[in-house]
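Undergrad:
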Amino acid sequence: MTPPAPARDDLARALAPLREAPGAPRWTAPDRWHLTLLFLGAVAEGAVAPLVAAAGPAVAATPALTLRLAGAGRFGSRRRPQVCWAGLGGDVGELGALAARLARAARGLCLPVEDRPFRAHLTLGRWRPGRPGDGDLPDRLAGYRGPSWPVTEVELLESHLGSTVRYDRLAAWPLEG
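Residues 0 to 176 (numbering that gives the first Met the number 0) make up the sequence shown, in order.
1) Between the alpha carbons of THR151 and PRO173, how many angstroms are there, rounded?
2) Within 10 angstroms of its Cβ, does ALA105 collect 16 or more other Cβ (buried), or is it exposed?
3) Using DSSP with H/G/I as helix, E/B as strand and the rest coil, what is VAL58?
4) Using the rule of at least 16 other Cβ atoms within 10 Å of the residue's Cβ for burial, across every protein chain shown, is PRO56 buried or exposed?
5) Enumerate in chain order the residues of its own chain whose CB-to-CB distance from LEU101 is below 7 angstroms, with the five nearest sequence positions on each side excluded.
6) Hey, how far is the Cα of ASP9 from the Cα of GLY40?
7) Report yes or no: do the segment 68–78 and the segment 162–171 share at least 3 C-beta pairs separated by less than 8 angstroms?
8) Near LEU156, what residues of its chain come up, given a Cβ to Cβ distance below 8 angstroms and the 5 sequence neighbours on each side ignored?
9) Would DSSP call GLU93 helix, strand or coil?
10) State whether the segment 42–52 contacts the segment 124–131, with contact taken as three or more CB pairs (one from each stretch) at a distance under 8 angstroms.
11) Under 8 angstroms between the Cβ atoms of LEU110 and ALA46?
12) Under 7 angstroms Cβ to Cβ from GLY72, same chain only, skipping five residues before and after it: list those, please.
Have a look at this one:
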């Protein structure tokens, strides 16, 4: 799920003063920002079509959603931060219910699903292991509240890791509510 350009642009402006801060993470480019509802890792080519078919009803059961990017935090400890993220506001409970339905659909296909609760967030950057990181940096965005937007679709993205990360859109479902 990709926030619309106005929401990404607003957050990018709020994040600009932190980009060169000492101990900052490697920032992700705003055009790559997306909300991950379910991370599956490598999925065999033969399982993609069944996954697309199973995800459709999970998305169709979702009411209309309105979200906003709000606040920030980190995964990892203050002394060893790993991921800097922006939080979400709005219909986060319904978003979590959608994530749970997608996880059930994937488990029904015997795909490995992480066994931890869904935490709505947008990854802004990652700290390099073994390098000094300022784990307090996300606190500077604690009061951030971006513009609201209606969620119009849910996407299935395939990530390709390398020197630059690329995302290919494999499928999308409209969210009509």
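Each residue gets a CB set at the ideal place from its N, CA and C atoms; glycine is no exception.
TA: Taking the coordinates as given:
1) Spanning the two alpha carbons is a distance of roughly 6 angstroms.
2) In this structure ALA105 is buried. Its beta-carbon is surrounded by 16 or more other beta-carbon atoms within 10 angstroms.
3) In this structure, VAL58 counts as helix in the three-state DSSP scheme.
4) That one is exposed.
5) Excluding positions up to five away in sequence, the list reads LEU36, LEU37, ALA54, ALA57.
6) Roughly 30 angstroms between the two C-alpha positions.
7) The segment 68–78 vs the segment 162–171: no contact.
8) Non-local C-beta neighbours of LEU156 in its own chain, meaning closer than 8 angstroms and more than five positions away in sequence, comprise HIS33, TYR166, ASP167, ARG168, LEU169, ordered along the chain.
9) Here GLU93 sits in helix by DSSP.
10) Cβ pair count under 8 angstroms is below three, so no.
11) When the beta-carbon positions are compared, LEU110 and ALA46 come within less than 8 angstroms of each other.
12) Around GLY72: TRP84, GLY86, PRO137.
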